[in-house]
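Residues in the sequence shown are numbered from 31 upward in steps of one, following my numbering. Since the structure comes first, as structure tokens, the remarks are kept for the end.
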Amino acid sequence: MKNIFLIILVLFVWGCIPVVVAPRFKRHDYKIMQAKRFQKDLPREIAFIFKDSKEAEEFYNYINKKYQLQHKNVGYNVPFQLQNQTLYLSYHEAQRTDKKINVPLAAIDSKRKSNGNSALFEGHYVSRTGHWYLVLTVYDNNIKNCLKENHPLRAETIAYLKALKAEYLSTYNYEELLFNKKS
Numbered sequence: 031m032k033n034i035f036l037i038i039l040v041l042f043v044w045g046c047i048p049v050v051v052a053p054r055f056k057r058h059d060y061k062i063m064q065a066k067r068f069q070k071d072l073p074r075e076i077a078f079i080f081k082d083s084k085e086a087e088e089f090y091n092y093i094n095k096k097y098q099l100q101h102k103n104v105g106y107n108v109p110f111q112l113q114n115q116t117l118y119l120s121y122h123e124a125q126r127t128d129k130k131i132n133v134p135l136a137a138i139d140s141k142r143k144s145n146g147n148s149a150l151f152e153g154h155y156v157s158r159t160g161h162w163y164l165v166l167t168v169y170d171n172n173i174k175n176c177l178k179e180n181h182p183l184r185a186e187t188i189a190y191l192k193a194l195k196a197e198y199l200s201t202y203n204y205e206e207l208l209f210n211k212k213s
């Protein structure tokens, strides 16, 4: 009897069991990996991935203002200069969710149904929380991925993308990007 009570107590205290967990980057606040491994509908290319804490379409507005694109080809092949070479930036937005099962709610409804009562929490057994990520890829003029291990501009490209991420996350008025030195 004590064991059953202890198990029930643990379930109620530790009631939400994670089923799906969105990625958390351990060493850095970004990850360089194959985009298809991150999310199945993305291309099979090496990408710079980081969590987007801003609202939807904010990165679009940021890229549009930073590179003065006038809403033309904002997400794909945006040209920029790095060490006197033209490189091309593309991005995708990807959503990953945390999914948890609420055991106490399911247990309460199960007990109510066995007693002949109606369920109180039906439809609330599972909770989901969405996380948005930005997946950036960079190519050179020869259509070679600049984030691959053997690319000569890999280190410089990563440094550029880290600076781009920091500027994006710290800027809220994208008009001030027009007054900054263009990189």
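Idealized CB from N, CA, C, for every residue including glycine.
Just confirm the distance between the C-beta atoms of residue i and residue j, as a whole number of angstroms; I'd bet it's less than 8 Å.
| i | j | result |
| --- | --- | --- |
| residue 59 | residue 80 | 6 Å |
| residue 112 | residue 183 | 7 Å |
| residue 204 | residue 91 | 6 Å |
| residue 175 | residue 75 | 6 Å |
| residue 93 | residue 177 | Residue 93 to residue 177, Cβ: 18 Å. No contact. |
| residue 117 | residue 110 | 6 Å |
So the alpha helix (DSSP H) residue i belongs to, where does it begin and stop?
| i | result |
| --- | --- |
| residue 132 | Per DSSP, residue 132 belongs to no alpha helix (DSSP H); it is in the beta strand (DSSP E), 115-132. |
| residue 194 | 184-200 |
| residue 81 | Here residue 81 belongs to no alpha helix (DSSP H); instead the beta strand (DSSP E) covers 76-82. |
| residue 93 | 88-96 |
Determine the extent of the beta strand (DSSP E) in which residue i is found, giving its start and end residues.
| i | result |
| --- | --- |
| residue 151 | Counting along the chain, residue 151 falls outside any beta strand (DSSP E), and DSSP gives it neither H nor E. |
| residue 60 | 60-64 |
Look up residue i in the DSSP assignment and give the residues it is bridged to.
| i | result |
| --- | --- |
| residue 214 | For residue 214 there is no data in the structure shown, the boundaries of the chain being 31 and 213. |
| residue 165 | 79, 122 |
| residue 145 | For residue 145, which the question treats as bridged, DSSP gives no partner whatsoever. |
| residue 175 | 169 |
| residue 160 | 127 |
Report the residue from the options whose alpha carbon sits nearest the alpha carbon of residue i.
| i | options | result |
| --- | --- | --- |
| residue 161 | 67, 133, 125, 177 | 125 |
| residue 85 | 163, 130, 73 | 163 |
| residue 193 | 70, 65, 101, 78 | 78 |
| residue 115 | 69, 172, 153 | 172 |
| residue 195 | 83, 177, 148 | 83 |
| residue 136 | 148, 159, 130, 152 | 152 |
| residue 127 | 98, 159, 104, 150 | 159 |
Does at least one heavy atom of the ligand NAP sit under 7 Å from the Cβ of residue i?
| i | result |
| --- | --- |
| residue 71 | This structure lacks the ligand NAP, and indeed carries no ligand of any kind. |
Given 8 Å, three or more beta-carbon pairs between the segment 117-132 and the segment 163-183 | Cβ pair count under 8 Å is three or more, so yes.
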